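Visitor: Below is one structure. I have some questions about it.
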Amino acid sequence: GVCVGPIRCCVWRREQLGPSRGRAAAAIPPLPQPQGRAHANMSADLILFEASITGDVRDLRRALAAGANPNFLRPDYGRTSLQNAALYAHLEAVTILLSAGAHVDATSTDNRTPLLLALIQFDWFHGKRAGQRQRAIITALVAAGAEIHSRNSADRSPFTWALAKGYRWMLLEFLRAGAV
Numbered sequence: 001g002v003c004v005g006p007i008r009c010c011v012w013r014r015e016q017l018g019p020s021r022g023r024a025a026a027a028i029p030p031l032p033q034p035q036g037r038a039h040a041n042m043s044a045d046l047i048l049f050e051a052s053i054t055g056d057v058r059d060l061r062r063a064l065a066a067g068a069n070p071n072f073l074r075p076d077y078g079r080t081s082l083q084n085a086a087l088y089a090h091l092e093a094v095t096i097l098l099s100a101g102a103h104v105d106a107t108s109t110d111n112r113t114p115l116l117l118a119l120i121q122f123d124w125f126h127g128k129r130a131g132q133r134q135r136a137i138i139t140a141l142v143a144a145g146a147e148i149h150s151r152n153s154a155d156r157s158p159f160t161w162a163l164a165k166g167y168r169w170m171l172l173e174f175l176r177a178g179a180v
């Protein structure tokens with residue numbers, strides 16, 4: 001097999017390694033389907049991933065009921081469903097994913113956690129309606145035990161972000177959660 005692109009190369013590598021390599025082979029996700037509306041032959045993981053972007057709670061619940069992994073990291077996006085829901089201000093999706101066992105501190109390919117993505121989105125929409133949803137998402141992630149000192153690839157943590165932006169309510173939320 002010839003490697004064409006990172007995803008196909010991973011699949012080719014998995015085929016070459018075979019089942020004797022155990023965990024490494026199982027961790028490689030399936031090839032992503034073309035983007036667009038979810039359809040019958042998409043895997044439950046990809047339906048869940050798309051629903052987390054659009055905020056479609058019905059598809060989100062269906063995918064989870066079909067066995068979707070709430071911690072699936074789509075390699076071409078570099079994020080999990082919880083990170084998408086936090087970034088795109090889908091509060092109900094965040095709540096559903098957390099209750100389904102999504103890791104509250106899952107990191108994207110650039111080391112951003114759902115909390116840091118929610119903070120970035122809050123900063124973009126501060127004072128608007130989406131900002132209020134982000135505030136609720138930030139509070140939910142902190143209540144779920146999100147690490148407020150984890151750093152991304154730019155060496156920023158949610159705590160330092162809130163401090164630099166002067167978001168007092170956020171700092172108080174972090175202090176209530178045990179920030180030192």
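For the sequence shown, the working numbering begins at 1 and goes up steadily by one.
Quick reminder that beta carbons are idealized off the backbone N, C-alpha and C, glycines included.
Computed from a prediction, not measured in an experiment: that's the story for all the values here.
#1: What are the boundary residues of the alpha helix (DSSP H) that includes S81?
#2: Tell me the rounded alpha-carbon separation between L141 and R112.
#3: I believe I137 touches V104 by the beta-carbon criterion, under 8 angstroms. Please report the beta-carbon distance rounded to the nearest angstrom.
#4: For the alpha helix (DSSP H) that contains S99, what are its first and last residues?
#5: Which word fits E92, buried or exposed, when buried means at least 16 other C-beta atoms lie within 10 angstroms of its C-beta?
#6: Rank L98, H149, R151 and N84 by C-alpha distance to the C-alpha of R74 and give the top, closest one.
#7: Along the alpha helix (DSSP H) that carries D45, what are the first and last residues, could you check?
#8: Output yes or no for whether 9 angstroms exceeds the beta carbon distance between I120 and W169.
#9: Distance check for A86 and R62, CA to CA, integer angstroms please.
#10: Have a look at the DSSP bridge pairing and note the partners of L117.
#11: Rounding to the nearest angstrom, what Cα-Cα distance links A179 and S150 in this structure?
#12: With 16 as the cutoff for other CB atoms within 10 Å, does L82 come out buried or exposed?
#13: Using CA coordinates, which residue listed in L60, A143 and Y77 is at the minimum distance from N69?
#14: Going along the chain, which residues of its own chain have a beta-carbon closer than 6 angstroms to the beta-carbon of R23, five neighbours each way excluded?
#15: By Cβ distance, which residues of its chain are closer than 7 angstroms to G145, with the 5 residues on each side in sequence left out?
#16: Spell out the partners DSSP gives L64 in its beta bridges.
#17: Looking at T80: is its Cβ nearer than 9 angstroms to the Cβ of A102?
#18: How big is the Cα-Cα spacing for A44 and L64?
Guide: The short version:
#1: Taken as a continuous stretch (DSSP letters only), the alpha helix (DSSP H) holding S81 covers S81 to L87.
#2: Cα to Cα, L141 sits roughly 14 angstroms from R112.
#3: For a cut-off of 8 angstroms, the C-beta gap from I137 to V104 is around 12 angstroms, too long to register as a contact.
#4: Annotation: the continuous alpha helix (DSSP H) that includes S99 extends over L91 to S99.
#5: E92 should be labelled exposed.
#6: Ranking the options by Cα distance to R74, first place goes to N84.
#7: Per DSSP, the continuous alpha helix (DSSP H) segment holding D45 begins and ends at A44 to T54.
#8: No; because the gap between Cβ atoms is not below 9 angstroms, this pair is not in contact.
#9: Rounded to whole angstroms, R62 and A86 show a C-alpha spacing of 20 angstroms.
#10: According to DSSP, L117 bridges with nothing at all.
#11: The straight-line gap separating the alpha-carbon atoms of A179 and S150 is approximately 12 angstroms.
#12: By the 10 Å Cβ count, L82 comes out buried.
#13: Ranking L60, A143 and Y77 by Cα distance to N69 puts L60 first.
#14: Because the pLDDT of R23 is 39, which lies under 50, any placement of that residue in the model is unreliable, and the number read from its coordinates should be weighed accordingly. There are no such residues.
#15: Non-local beta-carbon contacts of G145 in its own chain, meaning distances under 7 angstroms to residues more than five positions away in sequence, involve V104 in chain order.
#16: According to DSSP, L64 shares a beta bridge with no other residue.
#17: Contact flag set, yes.
#18: Taking the straight line from one Cα to the other gives about 7 angstroms.
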